[in-house]
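Asks:
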Amino acid sequence: MGTWNLRVIHNDIKIGQNKLISLKKEDTYYFIAEVYYDDKGNHIGYTHENGVNMLASTREELQEYYKLIADAFDKSTINLSEFHKTN
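The opening residue of the sequence shown carries number 302 in my numbering; numbering runs sequentially from there.
(1) Determine the DSSP secondary structure at A334, reduced to helix, strand or coil.
(2) Pull up the distance between the alpha-carbon of G346 and that of K325, whole angstroms please.
(3) Buried or exposed for G352, going by 16 or more other Cβ atoms inside 10 Å?
(4) Helix, strand or coil for K386 per DSSP?
(5) Using the C-alpha atoms, what's the distance from H344 back to N388?
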């Protein structure tokens with residue numbers, strides 16, 4: 302069974318008409334996303350490019366989610382292009 306965590310994602314590409322276009326450095330940006338992993342630990346998917354929403358049912362749940370976001374900065378950044386590599 303796969304797992305997930307929150308990670309910092311660097312949006313370094315634009316997806317256009319069946320091809321990937323590298324962005325100029327000044328056009329790139331970063332966001333926090335839920336990243337999903339297969340059983341071997343390879344990242345295989347992520348939440349929307351707008352990043353995660355800070356919504357919770359209770360204040361305590363929101364505080365726990367905030368801690369997960371803070372932990373994302375302790376992990377390496379993933380370039381968005383890594384999710385769109387072709388073999």
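Cβ coordinates follow ideal geometry from the N, Cα and C atoms, glycine included.
Replies: Reading from the atomic positions:
(1) Sequence index remark: in the sequence shown, residue 334 carries index 33 (1-based). In this structure, A334 counts as strand in the three-state DSSP scheme.
(2) As a working mapping, residue 346 is identified with position 45 in the sequence shown. As a working mapping, residue 325 is identified with position 24 in the sequence shown. So the two alpha carbons sit approximately 24 Å from each other.
(3) Numbered from its first residue, the sequence shown carries residue 352 at position 51. G352 should be labelled buried.
(4) On the sequence shown, position 85 is the one that residue 386 refers to. When secondary structure is reduced to three states using DSSP, K386 falls in the coil class, being assigned neither helix nor strand.
(5) Taking the first residue of the sequence shown as position 1, residue 388 is located at position 87. Taking the first residue of the sequence shown as position 1, residue 344 is located at position 43. Residue placement at N388 is poorly supported in this model, since its pLDDT is 47, which falls under 50; the coordinates still yield a value, given next. Going by C-alpha positions, N388 is about 15 Å away from H344.
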